[in-house]
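A.B. asks: Every position in the sequence shown, counted from 1, becomes a number in the numbering used here once 18 is added.
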Amino acid sequence: MTNRATANKLIRFGMILIYLISTVSASTLVFFQVRELVSASEILPDITLGNEAIESPNIVYEEGQPLPIWTGTERLTVLVLGIDQRETEEGPWRTDTMMLLTLDPVTLQAGVLSIPRDLWVRIPGYTENRINTAHFIGDAYNHPGSGTALAIETVEYNLGISIDYYVRFNFNGFVNVINEIGGIEIYVEERVDDTKYPTPDLGTEHLIIEPGWHHFDGEMALKYARTRYSSRGDFDRARRQQQVMSAVLEQVTKPGNLPRLASRAPTLYATLSDAVQVGPALRMDQMIALAALAVKVDRSQIRFGVIDENCTLPRETPDHQQILVPLRDEIRAVRDYVFGVNGPETEEGTTITLSVLNGTGRAGLAGTTRDYLVAQGFYVGTHSNADRQDYENSLIILNRPHPTVALRLLELLGLPQSAVVNGDNRSAVYDIVIILGADYTGPPE
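(1) Which residues share a DSSP beta bridge with residue 403?
(2) To the nearest angstrom, how far is the alpha carbon of residue 23 from that of residue 88?
(3) Is the beta carbon of residue 325 closer than 8 angstroms to that of residue 452?
(4) Which one of 128, 155, 131 and 135 has the shortest CA to CA distance from residue 141?
(5) Below 8 angstroms, can you find three or more Cβ-Cβ pairs linking the stretch 370-378 to the stretch 144-161?
(6) With C-beta atoms as the reference, is residue 247 less than 8 angstroms away from residue 206?
(7) Any idea what DSSP makes of residue 144, helix, strand or coil?
(8) May I ask you to report which of helix, strand or coil DSSP gives residue 356?
(9) Looking only at DSSP bridge pairs, what is residue 212 linked to?
(10) Could you pull out every residue in the same chain whose Cβ sits closer than 6 angstroms to the Cβ of residue 114, ignoring the five residues on either side in sequence?
(11) Residue 175 bridges to which residues according to DSSP?
(12) Residue 389: which of 409, 354, 424 and 430 sits nearest, CA to CA?
(13) Relative to the alpha-carbon of residue 471, which residue among 448, 411, 127 and 405 has its alpha-carbon at the smallest distance?
(14) By the DSSP assignment, the beta strand (DSSP E) with residue 206 in it spans what residues?
(15) I'd like the span of the beta strand (DSSP E) that includes residue 345, first residue to last.
(16) Quick check on DSSP: helix, strand or coil for residue 156?
(17) Using three-state DSSP, classify residue 132 as helix, strand or coil.
(18) So, with DSSP's three-state summary, where would you put residue 266?
(19) Bridge partners of residue 234, per DSSP?
(20) Could you give the first and the last residue of the continuous beta strand (DSSP E) run that contains residue 185?
(21) Output the distance between the C-alpha atoms of residue 435 and residue 414, rounded to the nearest integer angstrom.
(22) Between residue 454 and residue 381, which are expected to be in contact by the criterion C-beta below 8 angstroms, what is the C-beta distance as a whole number of angstroms?
(23) Residue 416 and residue 396: beta carbons closer than 8 angstroms?
(24) At what residues does the beta strand (DSSP E) containing residue 321 begin and finish?
(25) Going by other Cβ atoms of all chains shown within 10 Å of its Cβ, with 16 needed for buried, is residue 260 buried or exposed?
(26) Could you tell me which of 137, 128 and 90 sits nearest to residue 349, measuring between CA atoms?
(27) Report the rounded CA-to-CA distance for residue 17 versus residue 157, giving the unit in angstroms.
(28) Which same chain residues end up closer than 6 angstroms to residue 391 when comparing Cβ atoms and leaving out the 5 residues on each side of it in sequence?
(29) The beta strand (DSSP E) with residue 463 in it runs from where to where?
(30) Name the DSSP bridge partner or partners of residue 340?
(31) Please classify residue 169: is it buried, with 16 or more other beta-carbons within 10 angstroms of its beta-carbon, or exposed?
(32) Quick one: give me the first and last residue of the alpha helix (DSSP H) that residue 151 is part of.
(33) State the Cα-Cα distance for the pair residue 432 and residue 457, rounded to the nearest angstrom.
(34) Consult DSSP for residue 114 and reduce its assignment to one of helix, strand or coil.
(35) Just the C-alpha distance for residue 91 and residue 357, rounded to the nearest angstrom, thanks.
(36) Rounded to a whole number of angstroms, what is the C-alpha to C-alpha distance between residue 94 and residue 176?
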């Protein structure tokens with residue numbers, strides 16, 4: 019197969035990828051499920067995509083020209099948001115589903131982490147609330163970048179990770195995708211008897227799903243993925259969503275489905291463009307490069323995790339909201355497992371997380387320092403500006419006692435012993451917060 023033919027097929031896969039991304043399994047399909055489509059490329063028919071289906075229609079790969087490859091070495095993380103958008107409402111909307119996908123392009127280690135919507139967190143710049151309200155608040159208060167941006171900032175702040183891309187989809191997109199692939203096969207382990215399943219008209223219905231194998235169309239797949247009925251509420255719900263994800267993969271990769279889906283890619287893209295948002299915008303050559311990278315991922319090694327009852331405490335707020343209070347250490351352990359963090363800067367098997375803040379007026383100082391520390395084996399969850407830019411002296415704030423790591427940071431950053439401050443905040447997101455002051459000369463050249 020020529021490079022150009024391969025490129026054309028990968029472009030088609032990119033269109034299918036956009037269409038598949040609107041399911042609950044979108045996060046995994048971006049990097050993982052597409053590998054089956056690429057592997058089965060020989061059975062796809064030749065089709066022509068209209069310009070309306072391609073973000074960059076002028077990209078042409080001549081015979082003999084190398085295909086684009088993903089050259090970045092930084093870990094990629096995608097936040098998937100399923101919004102509770104109803105036809106009778108104009109918004110703002112809360113997020114009904116939140117999942118993180120991560121992929122290390124060097125080691126090809128990958129993982130998926132489900133976040134419960136009732137997790138009680140601090141929303142940066144606002145107040146404490148359920149994590150699913152961040153998107154609502156961002157839209158309601160015209161937050162820069164809208165609700166999606168605030169949802170990203172909230173997850174980054176509370177989980178100590180950096181997010182590169184996002185995918186946002188609504189229920190109509192989910193239903194349409196499941197119907198287009200011909201439904202999915204699901205084995206229901208326990209009887210579902212939800213007397214208050216929410217309906218689009220803001221009412222409720224009695225949802226019953228018996229145990230055993232079922233063939234679900236889009237509407238029933240959505241109900242199965244959304245219902246909170248069970249003794250474990252959102253935790254079982256997260257696992258059902260991962261089950262739906264696997265069922266979508268099984269259905270999409272059936273040989274009989276691939277040619278039909280490929281031939282309908284332009285129409286599907288146009289149909290779903292209002293139901294799905296992907297950002298920041300990926301160029302077509304980047305999408306092809308990601309598809310090629312995804313082929314190399316071993317699906318059996320993907321790590322799945324849920325922030326569940328082992329990571330939270332059920333509580334009720336004064337205004338009678340049922341919430342989940344995070345247990346930071348347990349959440350960090352699940353996060354580290356999913357993200358495959360095994361850097362040298364660990365103690366007792368737990369990765370130490372850092373936040374690097376620029377307390378000076380020197381642009382880019384936090385970013386270059388972050389890159390330097392990562393190269394030294396540290397896990398830096400976030401880097402940004404400090405609360406002010408006139409710090410005379412740098413600070414290494416220990417929210418948890420890690421004296422050995424503090425000494426190594428002093429050596430690497432060229433700071434005096436007096437820079438170490440005991441923050442003693444066991445509930446903080448990051449183990450160590452570094453504030454760079456005027457006395458810091460910057461990382462070595």
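Even for Gly, the Cβ is constructed at its ideal location relative to N, Cα and C.
Because the structure is a prediction, the values reported are computed rather than measured.
C.D. replies: In short, the structure shows the following:
(1) Paired residue(s): 376.
(2) Below a pLDDT of 50, predicted positions are generally treated as unreliable, and residue 23, at 49, falls in that range; no measurement from the model is reported.
(3) For residue 452 and residue 325, no; Cβs fall outside 8 angstroms.
(4) Sorting 128, 155, 131 and 135 by C-alpha distance to the C-alpha of residue 141 places 155 at the top.
(5) No, they do not touch.
(6) In this structure, residue 206 does not lie closer than 8 angstroms to residue 247 by Cβ.
(7) In the structure shown, residue 144 falls within a coil segment according to DSSP collapsed to helix, strand and coil.
(8) The answer is helix: DSSP assigns residue 356 an H, G or I state.
(9) Residue 212 pairs with 225.
(10) For residue 114, where only same-chain residues beyond five positions count, the Cβ hits under 6 angstroms are 100 and 102.
(11) Answer is none; residue 175 lacks a bridge partner.
(12) For the residues 409, 354, 424 and 430, the minimum Cα distance to residue 389 belongs to 430.
(13) Residue 471 lies beyond the residue range present for the chain, which begins at 19 and ends at 463; the question has no answer from this structure.
(14) 202-206 is the extent of the beta strand (DSSP E) around residue 206.
(15) From DSSP, residue 345 is part of no beta strand (DSSP E); its letter is neither H nor E.
(16) In the structure shown, residue 156 sits in a helix (DSSP, three-state: H, G or I).
(17) When secondary structure is reduced to three states using DSSP, residue 132 falls in the strand class.
(18) In this structure, DSSP gives residue 266 a helical state, which the three-state scheme calls helix.
(19) DSSP links residue 234 through a beta bridge to 202.
(20) 183-188 is the span of the beta strand (DSSP E), which, as asked, contains residue 185.
(21) Between residue 435 and residue 414, the C-alpha separation is close to 10 angstroms.
(22) With 8 angstroms as the limit, residue 454 and residue 381 do not qualify as a contact, their Cβ atoms being about 12 angstroms apart.
(23) Contact flag unset, no.
(24) Secondary structure note for residue 321: its beta strand (DSSP E) is the uninterrupted segment 321-324.
(25) With 16 or more other CB atoms across the displayed protein chains lying within 10 angstroms of its CB, residue 260 is buried.
(26) The residue among 137, 128 and 90 with its C-alpha nearest the C-alpha of residue 349 is 137.
(27) Nothing about residue 17 can be reported from this structure: the residues present for the chain run from 19 to 463 only.
(28) Here the set comprises 398.
(29) That residue, residue 463, is in no beta strand (DSSP E); it is neither H nor E in DSSP.
(30) Here residue 340 is bridged, per DSSP, to 334.
(31) Buried, since its Cβ has 16 or more Cβ neighbours within 10 Å.
(32) Premise fails: residue 151 is in no alpha helix (DSSP H) and is neither H nor E.
(33) If I take the Cα positions, the gap works out to 9 angstroms.
(34) Three-state result, residue 114: strand.
(35) One C-alpha to the other measures close to 15 angstroms.
(36) The straight-line gap from Cα to Cα measures roughly 18 angstroms.
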